[in-house]
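Q: Quick one: the structure is below, and I'll ask about it shortly.
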Amino acid sequence: MDIKQLQYFIEVANMGSFSRAAESLFITQPTISKMIKNLEEELGVTLFDRSRKKLLLTDTGQTILEQAKLIDKAFTNLEIEVDNLLGLKKGHIRIGLPPIFDAHAFLKIIGSFHEIYPGITFQFVEDGSKRIEDDVDKHILDAGVVVLPTKDDIFEHFAFMEEDLKLIIHPSHTLAEKNEVHLAELANESFILFNKDFVLNDHIISACNQTGFNPHIISESSQWAFIEEMVASKLGVSLLPESICRHLNRNVRAVRVIEPSISWNLALIWGKNTYLSHAAKAWLQFTKEHLKAPL
Numbered sequence: 010m011d012i013k014q015l016q017y018f019i020e021v022a023n024m025g026s027f028s029r030a031a032e033s034l035f036i037t038q039p040t041i042s043k044m045i046k047n048l049e050e051e052l053g054v055t056l057f058d059r060s061r062k063k064l065l066l067t068d069t070g071q072t073i074l075e076q077a078k079l080i081d082k083a084f085t086n087l088e089i090e091v092d093n094l095l096g097l098k099k100g101h102i103r104i105g106l107p108p109i110f111d112a113h114a115f116l117k118i119i120g121s122f123h124e125i126y127p128g129i130t131f132q133f134v135e136d137g138s139k140r141i142e143d144d145v146d147k148h149i150l151d152a153g154v155v156v157l158p159t160k161d162d163i164f165e166h167f168a169f170m171e172e173d174l175k176l177i178i179h180p181s182h183t184l185a186e187k188n189e190v191h192l193a194e195l196a197n198e199s200f201i202l203f204n205k206d207f208v209l210n211d212h213i214i215s216a217c218n219q220t221g222f223n224p225h226i227i228s229e230s231s232q233w234a235f236i237e238e239m240v241a242s243k244l245g246v247s248l249l250p251e252s253i254c255r256h257l258n259r260n261v262r263a264v265r266v267i268e269p270s271i272s273w274n275l276a277l278i279w280g281k282n283t284y285l286s287h288a289a290k291a292w293l294q295f296t297k298e299h300l301k302a303p304l
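Taking my numbering, I'd label the letters of the sequence shown as residues 10 to 304.
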């Protein structure tokens, strides 16, 4: 038995599926199935009831899962302690970033930190706020950038950016020549929004509902560049953060939205009362000192 077998077992139990667990771990389904089968043979037990449509833990599997989580946590803490013993000469920091975030200034700070501590490596995961929060909570990520509000009972946070969203439309659109557009004027438009992993998607729908209409959504994406291309192809309109709008090409127009305006407030989050490596704690302190909190 090795730690990987236990970690794969925990992921299958969490996902309730071999295929979803394999996708989450970036391995093939036969690989994870074989690892679980080997674990069952080594322990002499059946961990999952495979006779039903839904994969369920056996009673023995549930008991072993609880112990496996304790072992996995102890192993993680051991790795962290070793990092701490090495000081900041070595370390690895896992950070979640939303793909619709203009990360130029943020990455510049990380670059400055890397110049001081070249032995520390970084892993960046692009995802929506909901998934980033989930991964920070599960200790898959050390920290992440999300849209506020966040879960204050689970996470510490440091807010550092607030900006409005702008309407993105084709230059031939009847609203393209306006300096500002009331949100209610978009009631009959076809919307291209972010997928459901993005809190910003909820913010936009909520603002439309409060204005008196439910947006007609024709497509969703996780990439702002693809959203821009769809708008440029006259498939619909969208709403993007002001900082992203500065990078758009001439095939689309960005117009201010009022009554109401829609804003997003970004924050850096990390687990409350979570055991962080020395490298992660040093990076968080460095980053907070270099980020400007909104006034």
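Ideal placement from N, C-alpha and C gives every residue a C-beta, glycine not left out.
If you drop the 5 nearest sequence neighbours on each side, which residues of the same chain put their C-beta closer than 6 Å to that of N210?
A: Within the same chain, N210 has close Cβ partners L202, F203.
Q: Can you tell me which of the three DSSP states L244 falls into?
A: The answer is coil: DSSP assigns L244 none of H, G, I, E or B.
Q: Does DSSP put R265 in a helix, a strand or coil?
A: DSSP places R265 in strand when its eight states are reduced to three.
Q: According to DSSP, what are the bridge partners of K175?
A: Partner(s): L249, R265.
Q: Where does the unbroken beta strand (DSSP E) through I104 begin, and where does it stop?
A: From DSSP, the beta strand (DSSP E) with I104 extends over 100-106.
Q: Would you mind reading off the limits of the alpha helix (DSSP H) that contains N218?
A: Counting along the chain, the alpha helix (DSSP H) containing N218 begins and ends at 208-220.
Q: Does A114 pass the burial test, meaning 16 or more other C-beta atoms within 10 Å, or should it be called exposed?
A: Counting Cβ neighbours within 10 Å, A114 comes out exposed, since fewer than 16 surround it.
Q: In chain order, what are the residue ranges of uninterrupted beta strand (DSSP E) at least 3 long that sit wholly in the stretch 99-160?
A: The qualifying runs are 100-106, 129-135, 152-156.
Q: Does DSSP put H225 in a helix, a strand or coil?
A: In the structure shown, H225 sits in a strand (DSSP, three-state: E or B).
Q: From E298, A288, H148, I109, pick the residue whose C-alpha is nearest to that of L248; which is it?
A: Minimum Cα distance to L248 is reached at I109.
Q: Buried or exposed, going by whether 16 or more other CB atoms sit within 10 Å of the CB of P107?
A: Looking at its Cβ environment, which holds 16 or more other Cβ atoms inside 10 Å, P107 is buried.
Q: Do you know offhand how far M10's Cα is from T85's?
A: When rounded, the distance between both Cα atoms is 17 Å.
Q: For P269, is the classification buried or exposed, using 16 other Cβ atoms within 10 angstroms of its Cβ as the cut-off for buried?
A: Exposed, since its Cβ has fewer than 16 Cβ neighbours within 10 Å.
Q: Helix, strand or coil, according to DSSP, for A168 in the structure here?
A: A168 falls in the strand class under three-state DSSP.
Q: How do the stretch 255-273 and the stretch 139-155 stand: do at least 3 beta-carbon pairs fall below 8 Å, yes or no?
A: Touching, no.
Q: Where does the unbroken beta strand (DSSP E) through F203 begin, and where does it stop?
A: It spans 199-203 - the beta strand (DSSP E) in which F203 sits, taken as one unbroken run.
Q: Using the three-state DSSP reduction, which class does E186 fall into: helix, strand or coil?
A: Looking at E186 - three-state DSSP - the assignment turns out to be coil, as it is neither helix nor strand.
Q: Compute the Euclidean distance between the alpha carbons of I267 and E189, then round it to the nearest angstrom.
A: Cα to Cα, the separation comes out at about 7 Å.
Q: What distance in whole Å lies between the Cβ atoms of L192 and A168, which are believed to be in contact at a cut-off of 8 Å?
A: Incorrect: roughly 24 Å between the Cβ atoms, too far for contact.
Q: Going by the DSSP bridge assignment, what does W273 pair with across the sheet?
A: In DSSP, W273 forms a bridge with E172.
Q: At 4 residues or longer, what runs of the alpha helix (DSSP H) sit wholly inside the stretch 26-55?
A: The qualifying runs are 27-34, 38-52.
Q: Going by DSSP, what residue range makes up the alpha helix (DSSP H) through Y284?
A: Taken as a continuous stretch (DSSP letters only), Y284 belongs to no alpha helix (DSSP H), as it is neither H nor E.
Q: Give the C-beta separation of V145 and F164 to the nearest angstrom, bearing in mind that I take them to be a contact with Cβ-Cβ under 8 Å.
A: Their Cβ separation, rounded to whole angstroms, is 7 Å, which keeps V145 and F164 in contact under 8 Å.
Q: Just to confirm before moving on: does the CB-CB distance between I102 and A288 stay below 7 Å?
A: Yes.
Q: Give a yes or no on contact between the stretch 218-235 and the stretch 148-158, applying the rule of three or more CB pairs nearer than 8 Å.
A: With the cut-off at 8 Å, the stretch 218-235 and the stretch 148-158 do not touch.
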